[in-house]
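Asker: Quick one: the structure is below, and I'll ask about it shortly.
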Amino acid sequence: MQCGMNLNHTHEGWSIEARDFPTNRGGMCRKGWTSIALLEHPERLTAPLIRREKGGSFEAVSWDEALDFVASRFIAIQSEQGRDSVGVFGGGGLTNEKAYALGKFARVALKTANIDYNGRYCMASAAAAGLRAYGIDRGLPFPMQDIAGADTVFLFGSNLAETMPPIVQWFDELKENGGKLIVVDPRETPTARLADVHLQITPGSDLALANAMLSIAVEENLIDEEFIATRTNGFECAREVAGRIWNGYIEWACGIDEEQVREVTRMLFEGNSMFLSARGAEQHANGTETVMGFINVALAMGKAGKTFNGYGTLTGQGNGQGGREHGQKCDQLPGYRKILDPIHRAEVADHWGVSLDELPGAGKNAVDLLNSIGEPDGIRALWTMGSNLVISSPNANRVRQKIESLDLLVVSDLFMSETAQLADVVLPSMQWAEEEGTMTNLEGRVLKRNRAAAAPEGARSDLWTIQALAERLGQGDKFFPDARTTFDELRRVTKGAPADYSGISYEGIDQHDGMFWPCPDEQAENGGTQRLFLDRFAHPDGRAVFHPVEWWGRAEEPDEQYPLFFTTGRTMAQYQSGTQTRRVKELNAVAGRAWVELHPDLALELNIEHGEIVRVSSRRGAIEVEARLTDAIRPDTLFAPFHYAGQGCANLLTIPALDPISKMPEFKVCAAKIEKVGV
Numbered sequence: 001m002q003c004g005m006n007l008n009h010t011h012e013g014w015s016i017e018a019r020d021f022p023t024n025r026g027g028m029c030r031k032g033w034t035s036i037a038l039l040e041h042p043e044r045l046t047a048p049l050i051r052r053e054k055g056g057s058f059e060a061v062s063w064d065e066a067l068d069f070v071a072s073r074f075i076a077i078q079s080e081q082g083r084d085s086v087g088v089f090g091g092g093g094l095t096n097e098k099a100y101a102l103g104k105f106a107r108v109a110l111k112t113a114n115i116d117y118n119g120r121y122c123m124a125s126a127a128a129a130g131l132r133a134y135g136i137d138r139g140l141p142f143p144m145q146d147i148a149g150a151d152t153v154f155l156f157g158s159n160l161a162e163t164m165p166p167i168v169q170w171f172d173e174l175k176e177n178g179g180k181l182i183v184v185d186p187r188e189t190p191t192a193r194l195a196d197v198h199l200q201i202t203p204g205s206d207l208a209l210a211n212a213m214l215s216i217a218v219e220e221n222l223i224d225e226e227f228i229a230t231r232t233n234g235f236e237c238a239r240e241v242a243g244r245i246w247n248g249y250i251e252w253a254c255g256i257d258e259e260q261v262r263e264v265t266r267m268l269f270e271g272n273s274m275f276l277s278a279r280g281a282e283q284h285a286n287g288t289e290t291v292m293g294f295i296n297v298a299l300a301m302g303k304a305g306k307t308f309n310g311y312g313t314l315t316g317q318g319n320g321q322g323g324r325e326h327g328q329k330c331d332q333l334p335g336y337r338k339i340l341d342p343i344h345r346a347e348v349a350d351h352w353g354v355s356l357d358e359l360p361g362a363g364k365n366a367v368d369l370l371n372s373i374g375e376p377d378g379i380r381a382l383w384t385m386g387s388n389l390v391i392s393s394p395n396a397n398r399v400r401q402k403i404e405s406l407d408l409l410v411v412s413d414l415f416m417s418e419t420a421q422l423a424d425v426v427l428p429s430m431q432w433a434e435e436e437g438t439m440t441n442l443e444g445r446v447l448k449r450n451r452a453a454a455a456p457e458g459a460r461s462d463l464w465t466i467q468a469l470a471e472r473l474g475q476g477d478k479f480f481p482d483a484r485t486t487f488d489e490l491r492r493v494t495k496g497a498p499a500d501y502s503g504i505s506y507e508g509i510d511q512h513d514g515m516f517w518p519c520p521d522e523q524a525e526n527g528g529t530q531r532l533f534l535d536r537f538a539h540p541d542g543r544a545v546f547h548p549v550e551w552w553g554r555a556e557e558p559d560e561q562y563p564l565f566f567t568t569g570r571t572m573a574q575y576q577s578g579t580q581t582r583r584v585k586e587l588n589a590v591a592g593r594a595w596v597e598l599h600p601d602l603a604l605e606l607n608i609e610h611g612e613i614v615r616v617s618s619r620r621g622a623i624e625v626e627a628r629l630t631d632a633i634r635p636d637t638l639f640a641p642f643h644y645a646g647q648g649c650a651n652l653l654t655i656p657a658l659d660p661i662s663k664m665p666e667f668k669v670c671a672a673k674i675e676k677v678g679v
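Note that the numbering used here has the sequence shown beginning at 1, numbered continuously upward.
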């Protein structure tokens with residue numbers, strides 16, 4: 001969301017207050033209120049660290065020594081193993097300026113194709129679906145305030161009451177206005193308890209639900225034939241595939257009653273309806289098709305491309321939207337240009353002052369990049385910025401082993417994360433309040449983050465680090481150590497691109513409380529484009545596209561040995577891999593250690609008591625965590641938050657099966673078992 005806040009500093013220290021800003025309107029969550037604890041945290045990294053031999057200890061060195069060492073090792077490894085033997089791994093928490101500069105650094109300074117980022121774990125499926133269906137990917141193609149104006153909101157795969165509580169105010173307004181909320185989730189989350197209808201499906205069956213709803217809409221004549229004929233393509237193929245469901249299919253595939261699904265489909269047909277998704281439905285080996293399946297329903301009912309209507313996704317990282325627009329993705333150039341498109345390549349090469357032949361092609365996606373470590377023609381050196389890979393990656397044990405085998409690991413971060421502990425070089429970064437830059441939130445609203453605090457002596461802006469390393473690689477004149485100059489170049493490079501930032505300026509952002517992309521120069525006075533698709537979709541013919549999608553089951557089904565579904569998610573008091581939030585005392589007091597949720601009926605069957613330590617295992621690993629009994633979860637399902645390290649790391653269990661389109665890992669469901677420790 002990017003909530004607005006004010007920071008104040010007196011002789012008594014830091015204080016914080018929520019701003020009456022368009023995104024949060026004076027509200028903040030627990031993480032926002034406690035974020036000042038990080039500003040003067042005693043565990044901040046304040047000097048570059050080098051480990052001179054594997055297994056040795058770190059020693060603090062000067063920045064010059066650290067950067068000289070990193071540059072020399074990059075040059076040596078590339079000389080021996082080829083340009084693509086060095087990889088770069090970015091993050092969805094980096095500012096737009098950093099994301100842009102990091103992508104440019106990989107391709108211009110290192111000349112490697114291999115850059116990707118942790119948004120591959122987060123937003124990739126929704127982005128791929130949006131591009132295929134609508135021709136463009138912007139999380140919400142409308143401002144958040146439109147939520148309150150809908151008649152019905154269908155929310156699938158999101159527990160937003162915990163993950164982004166300030167957004168709930170728009171849903172409260174929705175209900176005050178007489179609107180209805182439908183929530184799809186295997187757990188009765190705080191969000192599900194707000195709903196008028198809760199569809200408590202089995203994990204990983206969202207696509208089956210989408211096809212069933214489309215089939216019902218056709219059967220009960222709930223489709224908008226005029227909209228389909230005039231504003232879409234491909235409906236007949238999608239209808240044919242969705243029509244293959246049979247009597248009893250919904251209960252068999254989703255574990256819920258068919259009549260409940262029929263009633264929900266009828267509710268969505270009436271009035272202005274909105275479809276919103278998040279990671280629960282997207283982090284699957286069929287995540288892209290799942291999102292396209294629900295977009296099919298929205299298009300068939302004519303609930304897209306109109307004010308208050310349509311499909312949007314709730315972006316999961318601080319700059320999850322902007323982070324995927326400007327070149328961190330392995331197949332992408334700034335402004336959502338495609339790296340394999342000859343015209344796009346020529347445009348960017350010209351802006352960057354490099355020859356077309358010098359610009360690398362598409363590299364490996366995040367999972368394949370990590371899997372290639374140690375393989376012939378694979379990655380031998382890696383620079384990560386703002387990513388804690390050994391906590392956030394699927395099948396985390398294998399990822400740790402891969403990272404430990406690197407010839408060189410360089411980590412830029414605020415704290416000594418679990419990944420940084422494995423590094424050969426650690427470079428201390430500035431954090432959110434210590435430098436300026438822009439972020440793009442889930443609405444496509446570009447916001448400016450102002451500098452409010454001094455960084456610890458020894459920490460540097462990542463932009464400064466990128467420029468300093470580029471200089472040592474002979475490309476320093478193509479990079480800038482400050483955000484404003486970098487953003488001005490980003491504006492020029494994205495002019496005319498799908499994600500056009502050319503009309504956005506720091507001054508304009510302040511004037512409008514954020515500006516929406518696309519924003520060509522002629523839209524600058526209006527603050528950009530708040531609502532997309534009102535007249536046409538972004539495909540060349542202006543039409544949206546249906547896609548035939550079919551549910552084939554999960555990548556791994558429960559069986560006799562591992563009889564339960566295991567799923568992961570967030571909790572209100574922690575965030576992502578916990579590198580920051582697990583260092584905040586107030587947050588740890590609420591959720592300081594990992595746990596697993598299970599139904600009391602399952603606990604009774606296995607003689608497990610509330611609060612005792614249990615072992616949860618899959619074919620890839622095991623965790624030992626506290627058992628929490630709750631009837632808010634299905635009896636066939638286990639849930640654990642993914643923020644924790646060590647024996648609480650939920651991704652020790654998850655499966656690295658990939659969505660073939662987005663390359664999103666299957667985080668949200670695998671087969672597992674639970675037992676008392678010692679059994």
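All residues carry an ideal CB built from backbone N, CA and C; glycine is no exception.
Just to confirm before moving on: does the CB-CB distance between Ala-129 and Val-291 stay below 8 Å?
Answerer: Along the sequence shown, read from residue 1 onward, the residue named residue 129 stands at position 129. Along the sequence shown, read from residue 1 onward, the residue named residue 291 stands at position 291. For Ala-129 and Val-291, yes; Cβs fall inside 8 Å.
Asker: Look at Ser-85 and Arg-380 and say whether their C-beta atoms are less than 8 Å apart.
Answerer: Within the sequence shown, the letter at position 85 stands for residue 85. Within the sequence shown, the letter at position 380 stands for residue 380. Yes, the Cβ-Cβ distance between Ser-85 and Arg-380 is below 8 Å.
Asker: Quick check on DSSP: helix, strand or coil for Gln-260?
Answerer: Looking up residue 260 in the sequence shown gives position 260. If DSSP states are grouped into helix, strand and coil, Gln-260 belongs with the helices.
Asker: Run through DSSP, which three-state label would Ile-339 get?
Answerer: In the sequence shown, counting from the first residue as 1, residue 339 sits at position 339. Ile-339: coil per DSSP, three-state reduction.
Asker: Using CA coordinates, which residue listed in Gln-431, Ala-650 and Thr-486 is at the minimum distance from Glu-40?
Answerer: The sequence position of residue 40 within the sequence shown is 40, counting from 1. The option with the nearest alpha carbon to Glu-40 is Gln-431.
Asker: Roughly how many whole angstroms lie between the Cα atoms of Gly-90 and Leu-389?
Answerer: Position 90 of the sequence shown holds residue 90. Position 389 of the sequence shown holds residue 389. Going from the Cα of Gly-90 to the Cα of Leu-389 covers about 10 Å.
Asker: Count Cβ pairs between the segment 207 to 221 and the segment 251 to 263 that sit closer than 8 Å; are there 3 or more?
Answerer: Judged by Cβ distances under 8 Å, the segment 207 to 221 makes contact with the segment 251 to 263, as three or more pairs qualify.
Asker: Determine contact between the segment 277 to 293 and the segment 658 to 675, defined as no fewer than three beta-carbon pairs at a distance below 8 Å.
Answerer: These segments touch.
Asker: Among Asn-8, Tyr-121, Ala-657 and Thr-10, whose alpha-carbon lies nearest the alpha-carbon of Phe-642?
Answerer: Position 642 of the sequence shown, counted from the first residue, corresponds to residue 642. For Phe-642, the nearest C-alpha among the options comes from Tyr-121.
Asker: DSSP three-state call for Cys-670: helix, strand or coil?
Answerer: In the sequence shown, the residue the question calls residue 670 occupies position 670. Residue state, collapsed to three classes: strand.
Asker: Threshold first: 3 residues or longer. Then list the beta strand (DSSP E) segments lying entirely within the segment 424 to 456, N to C.
Answerer: Qualifying beta strand (DSSP E) stretches, in chain order: 425 to 428, 437 to 440 and 445 to 449.
Asker: Check the DSSP bridge columns for Glu-689 and list the partner residues they point to.
Answerer: The requested residue 689 is not part of the displayed model; the chain covers only 1 to 679.
Asker: Go to Pro-600, then tell me how far its beta strand (DSSP E) extends in each direction, as first and last residue.
Answerer: Start at 1 with the first residue of the sequence shown, and residue 600 comes out as number 600. Not the beta strand (DSSP E): Pro-600 falls in the alpha helix (DSSP H), residues 600 to 606.
Asker: May I have the straight-line CA-CA distance separating Pro-334 from Arg-266, to the nearest angstrom?
Answerer: If you number the sequence shown from 1, residue 334 lands on position 334. If you number the sequence shown from 1, residue 266 lands on position 266. If I take the Cα positions, the gap works out to 42 Å.
Asker: Would you kindly work out how many angstroms separate the C-alpha atoms of Glu-220 and Asp-559, rounded to a whole number?
Answerer: One-based indexing of the sequence shown puts residue 220 at position 220. One-based indexing of the sequence shown puts residue 559 at position 559. Their Cα atoms are separated by approximately 37 Å.
Asker: What runs of the beta strand (DSSP E), each 3 residues or longer, lie entirely inside the segment 505 to 542?
Answerer: The segment 505 to 542 contains no whole beta strand (DSSP E) run of 3 or more residues.
Asker: In angstroms, rounded to a whole number, what distance separates the CA positions of Leu-140 and Ile-77?
Answerer: As a position in the sequence shown, residue 140 is number 140, starting the count at 1. As a position in the sequence shown, residue 77 is number 77, starting the count at 1. Whole-angstrom Cα-Cα distance: 42 Å.
Asker: Please return the same chain residues whose Cβ sits closer than 6 Å to the Cβ of Pro-518, not counting the five positions on each side in sequence.
Answerer: Position 518 of the sequence shown, counting from 1, holds the residue named residue 518. Same-chain partners within the cutoff: Asp-500 and Thr-529.
Asker: Can you tell which of Glu-258, Glu-240 and Cys-237 has the C-alpha that lies nearest to the C-alpha of Asn-247?
Answerer: By one-based count along the sequence shown, residue 247 stands at place 247. The option with the nearest alpha carbon to Asn-247 is Glu-258.
Asker: Please report the residue range of the beta strand (DSSP E) in which Ala-381 lies.
Answerer: For the purposes of this step, residue 381 is taken as residue 381 along the sequence shown, with counting starting at 1. 381 to 385 is the span of the beta strand (DSSP E), which, as asked, contains Ala-381.
Asker: Identify which residue in Leu-314, Thr-10 and Val-218 has its Cα closest to the Cα of Arg-138.
Answerer: Reading the sequence shown from its first residue, position 138 is the one you call residue 138. The residue with the shortest Cα to Cα distance from Arg-138 is Leu-314.
Asker: Ignore the nearest five residues each way along the sequence and tell me which others in Gly-386's own chain have a CB closer than 6 Å to its CB.
Answerer: Stepping through the sequence shown from its first residue, residue 386 is reached at position 386. Same-chain partners within the cutoff: Gly-91, Gly-93 and Leu-94.
Asker: Looking only at C-alpha atoms, which of Leu-382, Met-416, Ile-373 and Ser-392 sits nearest to Gln-401?
Answerer: Numbered from its first residue, the sequence shown carries residue 401 at position 401. Taking only the C-alpha atoms, the option nearest Gln-401 is Ile-373.
Asker: Looking at Thr-465: is its Cβ nearer than 8 Å to the Cβ of Leu-427?
Answerer: The count along the sequence shown starts at 1 and reaches residue 465 at position 465. The count along the sequence shown starts at 1 and reaches residue 427 at position 427. In this structure, Leu-427 lies closer than 8 Å to Thr-465 by Cβ.
Asker: Are the CB atoms of Phe-546 and Cys-670 nearer to each other than 8 Å?
Answerer: Mapped onto the sequence shown, residue 546 falls at position 546. Mapped onto the sequence shown, residue 670 falls at position 670. No, they are not a contact pair.
Asker: Ends of the alpha helix (DSSP H) at Glu-251?
Answerer: As a position in the sequence shown, residue 251 is number 251, starting the count at 1. Per DSSP, Glu-251 belongs to the alpha helix (DSSP H) from 249 to 254.
Asker: As a quick exercise: from Ile-182, Leu-174 and Pro-190, pick the residue whose alpha carbon is nearest that of Asn-159.
Answerer: Indexing the sequence shown from 1 puts residue 159 at position 159. That would be Pro-190, whose Cα lies nearest to the Cα of Asn-159.
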